[in-house]
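Undergrad: Numbering-wise, UniProt numbering puts 37 at position 37 of the sequence shown, and it's gapless, one number per residue. For every residue, glycine included, the Cβ atom is placed at its ideal position computed from N, Cα and C. I have a structure here, written as structure tokens, and I will follow up with some questions on it.
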Amino acid sequence: LSDELKTAHPEIEWHRIAAFRNVLVHDYLGVDVERIWDITQRDVPELKRAVLVMLEE
């Protein structure tokens, strides 16, 4: 994603998304399955709503 897009949407915690990706890629054995579940239940739907709004702009 471009820096322009991320700057235009500061309501999305881009740094948390990138940090989570890094944990999944580099520390796979240290991944907390319960944390993954929490993210899929809470954060992913919120991110989906935000992305749908961005697509409508």
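(1) What residue range does the alpha helix (DSSP H) around Val44 cover?
(2) If you draw a straight line from the alpha carbon of Leu5 to that of His26, how long is it in whole angstroms?
(3) For a quick check, are the C-beta atoms of Val31 and Val23 less than 8 Å apart?
(4) How big is the Cα-Cα spacing for Leu52 and His9?
TA: Let's see:
(1) 44-56
(2) 26 Å
(3) yes
(4) 12 Å
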